[in-house]
Amino acid sequence: MKQSLQLRTSQHLALTPQLQQSIRLLQLSTLELHQELEQILSDNPMLERVDDPLDHSVRLLADGAISINNPTTDDSSAADNTNTDNASSQASTDGADNAETAGANDSEWSFDDVARTTKAPEDDDARPQLEAHHVTLREHLLEQMRLTVRERRDRALVELVIDALDDNGYLEEALEDIHARLPEELAIELEELTIALKLVQSFEPAGVGARHAAECLSLQIRRLPKVALVTRRMALVIVEQHLTLFAQRDYSKLKKALDCDDEDLREAQAVIRQCHPHPGALFASDASDYVVPDVIVKRTKQGWQVALNHDVMPRLRVNALYATILKQNKGEGSLTSQLQEARWLIKNMRQRFDTILRVAQAIVDRQRNFFTHGAVAMRPLVLREIA
């Protein structure tokens, strides 16, 4: 076997992680994009939704209290939106600017900016706002909180618990997990969250804030009026200890376990059937679901114009609290890396929607006769013409 040295020339293309992410995000559908973002948001604490009320609107005040602000009305957010108007408007008109050189602040960039600047001029056939406001479970609980809780810190804790509830009114996430995700600088004890949960469980509808079905039914049974003490106790024992037998309608084993007769069991059963296993579902909206487009085409005096649909555009930013802590403490390598990844994602998301807008406008310009005269005026169009 003979060994030798050889020289060889070759070419290869190396894509940076940022560019790879940009290409992958561009290829995702809207549904896949939101699924991807949910995974990224759960893995990267430096990234947040602007309208996420649980994880990212907690603030530490100078007096040691904590506060939960509404990000959508925050003054600093409004200022950031103003700063990015020019960059987004330029991208929507000529599409010549590269996303990496846009003048926006990546750490606090909001997709509302693009939606606002690319909105087509209003015309006479604009859709009227006919849908009435529907009170959600969260709004209903927050209203009760405002009437019963006075201290700002206590309100913030109760709101944290409310925001962790699912649509059925259940707290599926353990309090320990919620506590672990809160910044240590807030100095929130687990016992404080437990007290806040107990307060939420006292709100209407009865059963809200339960962590499982047995607790949900138990909370409701304890608040039912005009129930005999013996019957109430038996109903509580059934839901807390023998709920599986009750669900399977194995009444013979139930009577044996409870040491009761048929009449007592029927009375306890009647009490349980007054309860609602999903109390939050009472506030569910019956509104129909529709396909939400990525872009909206409207006819204006200037012709057919394309505007991005802000309903499908996630509003992301870097968590200001974590970023400030990282800056003050100089941070660890992992947190610094997550901060950079968050900024990359925000920039790549902006580039995705800028590209969608430019491609959609190019297609509409090519097929403007189709929009005016119908399918008979459709022109052939291949991918390389758009590229």
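Here the sequence shown stands for residues 148 to 534, where the numbers follow the numbering used here.
Backbone N, C-alpha and C define an ideal beta-carbon position, used for all residues, glycine too.
Source: prediction; values computed, not measured.
- In terms of CA proximity to residue 428, 317 leads the group 317, 289, 519, 341.
- In its chain, beyond the 5 residues on either side, no residue has a beta carbon closer than 8 Å to the beta carbon of residue 481.
- For residue 487, the three-state secondary structure derived from DSSP is helix.
- Here residue 196 carries a strand assignment [DSSP, helix/strand/coil].
- Buried is the label assigned to residue 419, since at least 16 other Cβ atoms lie within 10 Å of its Cβ.
- Counting along the chain, residue 465 sits inside no alpha helix (DSSP H); it lies in the beta strand (DSSP E) bounded by residues 463-465.
- In this structure, residue 415 sits near residue 382, with a CB-CB distance shorter than 7 Å.
- The beta-carbon distance between residue 439 and residue 453, rounded to whole angstroms, is 16 Å. This is too long to meet the 8 Å contact definition.
- A contact is defined here as three or more CB-CB pairs under 8 Å, and the region 457-476 meets this definition with respect to the region 179-194.
- Between residue 311 and residue 325, the gap from beta carbon to beta carbon is short of 7 Å.
- Using a Cβ distance threshold of 7 Å, residue 426 and residue 356 do not count as a contacting pair.
- By alpha-carbon distance to residue 351, the top candidate from 359, 363, 456 is 363.
- Under the three-state reduction of DSSP, residue 312 is assigned to coil, being neither helix nor strand.
- Contact between the region 331-350 and the region 286-301 is established, with three or more Cβ pairs separated by less than 8 Å.
- By the criterion of a C-beta distance shorter than 7 Å, residue 398 is surrounded in its chain by 412, once the five residues flanking it on both sides are discounted.
- Closest by C-alpha distance to residue 178, out of 521, 459, 446, 531, is 459.
- Leaving aside the five residues that flank residue 390 on each side, the residues in its chain whose CB is nearer than 6 Å to its CB run, in chain order, 361.
- In the displayed model, residue 447 falls within a strand according to three-state DSSP.
- Approximately 12 Å separates the beta-carbon atoms of residue 309 and residue 293; this is outside 8 Å, ruling out the contact.
- Each residue's CA atom was taken as its position, placing residue 365 and residue 307 some 23 Å apart.
- DSSP places residue 507 within a helical segment (H, G or I) once states are collapsed to three.
- Excluding residues up to 5 positions away in sequence, 191 lie with their Cβ nearer than 7 Å to the Cβ of residue 488 in the same chain.
- For residue 530, the three-state secondary structure derived from DSSP is helix.
- In this structure, DSSP gives residue 453 an extended state, which the three-state scheme calls strand.
- By the neighbour-count criterion, in which 16 or more other beta carbons inside 10 Å mark a residue as buried, residue 170 falls on the exposed side.
- Taking residue 529 as reference, the option from 506, 331, 495, 159 with the minimal CA-CA separation is 506.
- Linking residue 450 to residue 156 through their CA atoms gives a straight-line distance of about 53 Å.
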